[in-house]
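> Submitted below is the structure of interest, expressed as structure tokens.
There are 4 protein chains.
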Amino acid sequence: MNFSSDTAAPAHPLILEAMVAAAKGPASSYGGDPWTKAARDALCETFETDLDIWLVSSGTAANALGLSILCPPHGAIACHEEAHIERDERGAPEFFTGGGRLSLLPGAHARIDVAALKRRLAANDPDFVHETPLHVLSLSNLTESGAAYRPFEIKERAGLAHEAGLAVHLDGARLANALVSTGATPAEMTWRAGVNVLSFGATKNGGAGCEAIILFGAARQRLQELKVRAKRAGHMPPKMRFLGAQMSAYLKDGLWLELARRANTSAASLASALTKAGIELAHPVDGNEVFATLPLGAAARLSAAGAAFHPWPDGSHRFVCSWATAPSEIAAFAAHLAG
Amino acid sequence: MNFSSDTAAPAHPLILEAMVAAAKGPASSYGGDPWTKAARDALCETFETDLDIWLVSSGTAANALGLSILCPPHGAIACHEEAHIERDERGAPEFFTGGGRLSLLPGAHARIDVAALKRRLAANDPDFVHETPLHVLSLSNLTESGAAYRPFEIKERAGLAHEAGLAVHLDGARLANALVSTGATPAEMTWRAGVNVLSFGATKNGGAGCEAIILFGAARQRLQELKVRAKRAGHMPPKMRFLGAQMSAYLKDGLWLELARRANTSAASLASALTKAGIELAHPVDGNEVFATLPLGAAARLSAAGAAFHPWPDGSHRFVCSWATAPSEIAAFAAHLAG
Amino acid sequence: MNFSSDTAAPAHPLILEAMVAAAKGPASSYGGDPWTKAARDALCETFETDLDIWLVSSGTAANALGLSILCPPHGAIACHEEAHIERDERGAPEFFTGGGRLSLLPGAHARIDVAALKRRLAANDPDFVHETPLHVLSLSNLTESGAAYRPFEIKERAGLAHEAGLAVHLDGARLANALVSTGATPAEMTWRAGVNVLSFGATKNGGAGCEAIILFGAARQRLQELKVRAKRAGHMPPKMRFLGAQMSAYLKDGLWLELARRANTSAASLASALTKAGIELAHPVDGNEVFATLPLGAAARLSAAGAAFHPWPDGSHRFVCSWATAPSEIAAFAAHLAG
Amino acid sequence: MNFSSDTAAPAHPLILEAMVAAAKGPASSYGGDPWTKAARDALCETFETDLDIWLVSSGTAANALGLSILCPPHGAIACHEEAHIERDERGAPEFFTGGGRLSLLPGAHARIDVAALKRRLAANDPDFVHETPLHVLSLSNLTESGAAYRPFEIKERAGLAHEAGLAVHLDGARLANALVSTGATPAEMTWRAGVNVLSFGATKNGGAGCEAIILFGAARQRLQELKVRAKRAGHMPPKMRFLGAQMSAYLKDGLWLELARRANTSAASLASALTKAGIELAHPVDGNEVFATLPLGAAARLSAAGAAFHPWPDGSHRFVCSWATAPSEIAAFAAHLAG
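Residue numbers (our numbering), protein chains in the order written: chain A, 364 to 702; chain B, 364 to 702; chain C, 364 to 702; chain D, 364 to 702.
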């Protein structure tokens, strides 16, 4: 009953197999290898467009590097006040941008409230030297509360941002889960909705350690700068082939969506077990995360029964399922709740 | 005949096998897993002392993070003018320290000249506000010219540095090769010689992507800061177990020294083939790298014959062997030279 | 009727006179001159304690340098969501700290709400690597809404901060105005209330361009680092004597309090004229600033009549008086309102 | 006999008088005042071209801000190995650029050697991700050894830099002295010779604390960014009028050239006294600085006689004259030498 995090799961066998298979003979270092090229090709196909990529080994690196080519040291990034880049990355955006700032916005279920975004954009004056103006809007899908944006919701917020001269970044650490639950295509949820730079996660959904920074459209002109910044940050590992191999295997034959579907299904079962036990959910379950408002004493009892999960700053408790969550874990959890 | 770099080699099967074996069940994220603990234990044993570590996926990350806990934004790092941190890391030390500076020293075969070091230290005045004073001496072993420092040479330089109030960092991306050729123990070459922070490489010698930042003695008090800086730089990948597994397998049963021995032996054969052909070597061959002063036209002929290698800024050409270099490659190269 | 800002005023004749008088013969550069020493002595006397100082030419420099010795690159500074360091300094704290972050707190009249501060401090976990923990609490007195904290209010907030391991910074760009209106002594309002580092303003109250960063108690150990950071930021002007002379003249014979008293009196008259005209004030008038909730059309009419003032982000309009505000300006303004 | 530095001199009475005169009535803050506008107009006339400016209170601020709009965090600045930005600004260029690097070049009398510059430029490869490429060439006139570049010498180096895609910065902390000694016009020595950004000093030559960052030609497009960076660094003092007034007075009726002429004349006399006493000069005396190779014991004897001067890192001793150096000081010094 390990619902602590999807990062607690191991890597999927097919992804490890691909890494082993990549250990064949010499290959160019620093991303010039065939596996990295194949990963890019697979991403182009998946997203139905020509795009550029850089592969890194953590979501923090993906977000911070992606943001650093969009926001100058003297600019700001609008994001939700509970966004991962605000809450859980120890100031990585500030570090990579050289002192850029996050500007926080409210919104239920960690979705950015449109009215609040409009007010913030209306107050933004890039010509006023004294204030730090917005350069980027960063969205997250799944949000930090496990909710999904649908494509039109991304589009609305991205549209407002673009009108105000901002670029749009999407933290897609759990994008697969959002796509499965909304039924949207990768293209619909990203560049067709106005996303310029995407952090596309694989680690939480079966990878050993692989995230792609994806540049769409005009953002592709920043590829060279992205490489420079990656190198400078130690995110140009010599044997990039082992990242390329992960990403290719992740996308091959729809593995990524299949794994996300499994995780989402587990989460739905877990949520159902909770509600059946009369426990209220704090947020919609649009992916692989369940946030429950536990009654007094329940957290201690569940922990004592062997369940691993985390208290959340909003007062709820978070239970995360992954591709590796066993039906037996859910069943045991449900049985405990029912008992 | 791929002598382009030891980073062009694949990962060693035993290391990949360990990664696959690590994909078992849930484990704590961010370094709290048993594989990372085992890696630390193995490093303690290898270095015959209690130490602290952080694992990263690139040598640039290891060097820059290690230096960032030793040098403030307003300090300087003394290093050889051909050091990797100066030549090949795109300003990573400057980035991670927040604007620290490299202060360059000369020396044959990329070993720091002792007299030059003494002069530089004598001119150093930490109390003079206008100048940027030295806080760290960074050595490399192997050096960028493939030469090895012996322990007493490290000790002499480190001693001078300590007397002047500096900390000592060692870039050991190819430490295994230096240990094999000098016969020194890991302890003799590092903390016993005065090294405070070590970048201990595995990637070039069989890893898929793994380097350890090792803190010795009083430097261990900076472990928490090191973790914070790693997190902030995207170098705290969630599934750290895949780094821990690599390092453990690397050290197990002396694999690392065996692989370095192979690479060194190949380099010695390659060097011998060159000298037999009347070609001069530019630097001592103390590890797995050979620098040759090729006569006019020779580089083009060798390339045409299928050999991969790189021209070097000092006018020579660099040939690198790895654990994966096949005897047949050396033989073919020698035959071509002899022919 | 120029109520645009107290920075629109010229410098006071006595302060300029002191600058002219300081232009006598050679003097040590970079702060080693007798005028800078005299300024420190005068500040020790004014604050009734031994202290260390650095003089700079802008409030932004004073705040950002002062904060940079209290907050590491991976730390955060708690401040009011309308604080000058958040609203009007273009990311200077982020720049000087090397990527530190502001953490915003609410509170009426730009005073930090104690309950909100307690909640924020309770949630602060310096040991949790993923989040950016607080290192400093920054208060402003006068606040950005022209309100004053009384000493016990500073003390309460500073006490909470200290208990949580934070240092306390006070932005005193308009400290003189707050002291005059509260009747507190400089010591009571600062170090006796728990302030560690003070930005002590003279520019807005008669200076040509002079602010002191004042280090109290244990913070004095950071003086050398402060000098280093000042030098590195271009805030160690060679002819420091012209800053020292300003500060000495500012403090001599209570000039600073006399000028603040004048400005406060003008503001009180202006506020009275507004309320008599039936216009509501948005914030308490505790110093030289008046914030008025102007009825529709009033701003345009007042501008047309020749009054200079600024709309404020909270919907009110700000009118600032200075030592140089003439009674005739207030009278003309009142007459216009009454007419 | 104070030859310690030209920064030890007071400000010139006409410049102080202008500051006092600027203290008249309210004026726009942050550079929107008539005095700052007049300063720009005067600089346009002096340099015979349309240009943009920002005024700061220290040479370090002028250099570092000027360089920060020309060099990205991942770029390098070529300068002489004895340049002020390398030796005496505590890493300000690194701080303001966000981690850019200085790349050092040799050359007699602190003039950059043309052959060395050519070699460095030839080795520069902006497309190679691993190295830090040059973005700027920074020259100094006077050099740190008191020598002057003539316009054709600036032009030659600037031309090479431009061909290689670099911008050109000139540190003109003592430009007036170089202009007087070479007879060149301001235009000939700067933009007509290829300078894009100039640090134009007044402080050492009569100012109280005033330097202009001057943008020529296409560099003028960076004015807004320069302002933003100045604000963020605390170099947008509210009462900018007191900087504007200094610069206007400095240029008025050729005061600046007259003061430099006085200082140069004093230096020539001082040099002559030294050579007459059989003491060798280490560098050409092209301005107001004299570097002498003192025989054993001479430094102590001169100090004992009341002369103030500094030992220099190259083994010589530096004597600096200023506009305020009295003929009697030179005479006393000469008498002592002759005695």
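Using N, Cα and C, we set each Cβ at its ideal position, and we do this for glycine too.
Fair warning: this is a prediction, and the values are worked out from it, not measured in the lab.
What does DSSP give as the partner residue(s) for V683 of chain C in the beta ladder?
Locating residue 683 of chain C in the third sequence gives position 320, counting from the first residue. According to DSSP, V683 of chain C bridges with C:E652.
> Just the Cα atoms here: how many angstroms apart are L500 of chain C and T370 of chain C?
Here residue 500 of chain C is taken as the residue at index 137 of the third sequence, counted from 1. Here residue 370 of chain C is taken as the residue at index 7 of the third sequence, counted from 1. Going from the Cα of L500 of chain C to the Cα of T370 of chain C covers about 26 Å.
> What residue does the alpha helix (DSSP H) around V543 of chain D start on, and which one ends it?
In the fourth sequence, the residue the question calls residue 543 of chain D occupies position 180. Per DSSP, V543 of chain D belongs to the alpha helix (DSSP H) from L538 to T545.
> Compute the beta-carbon to beta-carbon distance between F682 of chain B and L633 of chain B, rounded to the nearest angstrom, for a pair I have assumed lies under 8 Å.
Within the second sequence, numbered from 1, the residue matching residue 682 of chain B stands at position 319. Within the second sequence, numbered from 1, the residue matching residue 633 of chain B stands at position 270. Confirmed, Cβ separation roughly 6 Å.
> Please tell me whether G454 of chain C has its Cβ less than 8 Å away from any Cβ of chain D.
Counted from its first residue, the third sequence places residue 454 of chain C at position 91. Yes, its Cβ sits closer than 8 Å to a Cβ of chain D.
> Taking CB distances under 8 Å as the criterion, tell me whether R464 of chain D reaches chain C.
By one-based count along the fourth sequence, residue 464 of chain D stands at place 101. Taking Cβ atoms only, chain C never reaches closer than 8 Å to R464 of chain D, which makes this a no.
> Is the CB-CB distance between L433 of chain D and A581 of chain D below 8 Å?
In the fourth sequence, counting from the first residue as 1, residue 433 of chain D sits at position 70. In the fourth sequence, counting from the first residue as 1, residue 581 of chain D sits at position 218. Cβ distance not < 8 Å, so L433 of chain D and A581 of chain D don't count as in contact.
> Quick one: what does DSSP say N365 of chain B is sitting in, helix, strand or coil?
Your numbering for residue 365 of chain B matches position 2 in the second sequence. Reduced to three states, the DSSP call for N365 of chain B is strand.
> What do you get for A539 of chain D, buried or exposed, if any count of 16 or more other CB atoms within 10 angstroms of its CB means buried?
For the purposes of this step, residue 539 of chain D is taken as the residue at position 176 of the fourth sequence. The residue is buried, with at least 16 neighbouring Cβ atoms inside 10 Å.
> Ignoring anything shorter than 4 residues, give me the alpha helix (DSSP H) runs that lie fully in the region 447–528 of chain A, in order along the chain.
Counting whole runs of 4 or more residues, the region 447–528 of chain A contains the alpha helix (DSSP H) stretches 447–450, 455–460, 477–485 and 514–526.
> Do A670 of chain C and the ligand SAM come close, with the Cβ less than 7 Å from some heavy atom?
Among the ligands in the structure shown, none appear at all, so the ligand SAM cannot be discussed.
> Quick check: R453 of chain B and V591 of chain A, are their CB atoms within less than 8 Å of each other?
Within the second sequence, numbered from 1, the residue matching residue 453 of chain B stands at position 90. Within the first sequence, numbered from 1, the residue matching residue 591 of chain A stands at position 228. Going by C-beta atoms, R453 of chain B is nearer than 8 Å to V591 of chain A.
> Distance check for A670 of chain C and E516 of chain A, CA to CA, integer angstroms please.
Position 153 of the first sequence, counted from the start, is the residue given in the question as residue 516 of chain A. Position 307 of the third sequence, counted from the start, is the residue given in the question as residue 670 of chain C. About 46 Å.
> Can you give me the start and stop residues for the beta strand (DSSP E) that G535 of chain C sits inside?
Along the third sequence, read from residue 1 onward, the residue named residue 535 of chain C stands at position 172. Counting along the chain, the beta strand (DSSP E) containing G535 of chain C begins and ends at A530 to G535.
> Below 8 Å, can you find three or more Cβ-Cβ pairs linking the region 600–617 of chain B to the region 591–608 of chain A?
Not touching, per the Cβ criterion.
> Apply the 10 Å Cβ neighbour rule to S503 of chain C and answer buried if 16 or more other Cβ atoms are within range, or exposed otherwise.
Stepping through the third sequence from its first residue, residue 503 of chain C is reached at position 140. Buried.
> H493 of chain C CB to nearest chain A CB: under 8 Å?
Here residue 493 of chain C refers to the residue found at position 130 when the third sequence is read from its first residue. At least one chain A Cβ lies under 8 Å of H493 of chain C.
> What do you get for P676 of chain D, buried or exposed, if any count of 16 or more other CB atoms within 10 angstroms of its CB means buried?
Position 313 of the fourth sequence, counted from the start, is the residue given in the question as residue 676 of chain D. It counts as exposed.
> Helix, strand or coil: how does DSSP classify E444 of chain D here?
For the purposes of this step, residue 444 of chain D is identified with residue 81 of the fourth sequence, where counting begins at 1. E444 of chain D: coil per DSSP, three-state reduction.
> Residues in the region 560–593 of chain A with C-beta within 9 Å of chain D's C-beta atoms, listed in sequence order?
Listed in sequence order: Q587, E588, K590, V591, R592 and A593.
> What are the boundary residues of the beta strand (DSSP E) that includes I577 of chain D?
In the fourth sequence, counting from the first residue as 1, residue 577 of chain D sits at position 214. E574 to F579 is the span of the beta strand (DSSP E), which, as asked, contains I577 of chain D.
> For the alpha helix (DSSP H) that S431 of chain C lies in, which residues bound it at each end?
Here residue 431 of chain C refers to the residue found at position 68 of the third sequence. Element bounds for S431 of chain C: G422 to S431.
> For a cutoff of 8 Å on Cβ pairs, would you count A598 of chain A as touching chain C?
Locating residue 598 of chain A in the first sequence gives position 235, where the first residue counts as 1. A quick correction: the sequence has His, not Ala, at residue 598 of chain A. So no, H598 of chain A is outside the interface.
> At 7 Å on the CB atoms, spell out the chain A contacts of R595 of chain B, in chain order.
Numbered from 1 along the second sequence, position 232 holds the residue referred to as residue 595 of chain B. Those within 7 Å of R595 of chain B in chain A are R453, G454, A455 and F458.
> At which residues does the beta strand (DSSP E) containing G607 of chain B begin and terminate?
Within the second sequence, numbered from 1, the residue matching residue 607 of chain B stands at position 244. It is not in any beta strand (DSSP E) - G607 of chain B instead sits in the alpha helix (DSSP H) that spans R604 to L614.
> On a Cα-Cα basis, can you pick out the residue from C:G564, C:F696 and C:K594 that is closest to K639 of chain C?
For this step, residue 639 of chain C is matched to residue 276 along the third sequence. Here the closest residue by C-alpha is C:F696.
> Please list, in chain order, all residues of the same chain as A479 of chain C whose beta carbon is under 7 Å from its beta carbon, the five residues on each side excluded.
As a working mapping, residue 479 of chain C is identified with position 116 in the third sequence. Once the five neighbours on either side are set aside, the close Cβ partners of A479 of chain C are L468, P469 and G470.
> So does the region 438–450 of chain D actually touch the region 444–461 of chain A, counting three or more Cβ pairs closer than 8 Å?
No, because fewer than three Cβ pairs between the region 438–450 of chain D and the region 444–461 of chain A fall closer than 8 Å, the two stretches do not touch.
> For W619 of chain C, name the three-state secondary structure that DSSP assigns.
Start at 1 with the first residue of the third sequence, and residue 619 of chain C comes out as number 256. W619 of chain C: helix per DSSP, three-state reduction.
> Within 10 angstroms of its Cβ, does F491 of chain B collect 16 or more other Cβ (buried), or is it exposed?
On the second sequence, residue 491 of chain B is found 128 positions in, with the first residue counted as 1. F491 of chain B is exposed by the Cβ-count criterion.
> Look at the alpha carbon of H472 of chain C and the alpha carbon of H646 of chain C, and state the distance between them as a whole number of angstroms.
Position 109 of the third sequence, counting from 1, holds the residue named residue 472 of chain C. Position 283 of the third sequence, counting from 1, holds the residue named residue 646 of chain C. Approximately 6 Å between the Cα atoms of the pair.
> Rounded to the nearest angstrom, what separates E494 of chain B and V543 of chain C at their Cα positions?
In the second sequence, the residue the question calls residue 494 of chain B occupies position 131. In the third sequence, the residue the question calls residue 543 of chain C occupies position 180. Taking the straight line from one Cα to the other gives about 43 Å.
> Verify the CB distance criterion: does R450 of chain B have a CB-CB separation below 8 Å to chain D?
Indexing the second sequence from 1 puts residue 450 of chain B at position 87. It does: the Cβ of R450 of chain B has a partner Cβ on chain D nearer than 8 Å.
> Give the DSSP-derived three-state secondary structure of L657 of chain B in the structure shown.
As a position in the second sequence, residue 657 of chain B is number 294, starting the count at 1. Three-state DSSP puts L657 of chain B in coil, outside helix and strand.
> Taking the alpha-carbon of H680 of chain A as reference, which of A:A425, A:E519, A:R403 and A:L665 has the nearest alpha-carbon?
Residue 680 of chain A sits at position 317 when you count from the first residue of the first sequence. Among A:A425, A:E519, A:R403 and A:L665, the Cα nearest to that of H680 of chain A is on A:L665.
> Anything in chain A within Cβ reach of A486 of chain C, meaning under 8 Å, just list it in chain order.
To locate residue 486 of chain C, count along the third sequence from 1; it is residue 123. Per Cβ cutoff of 8 Å: P676.
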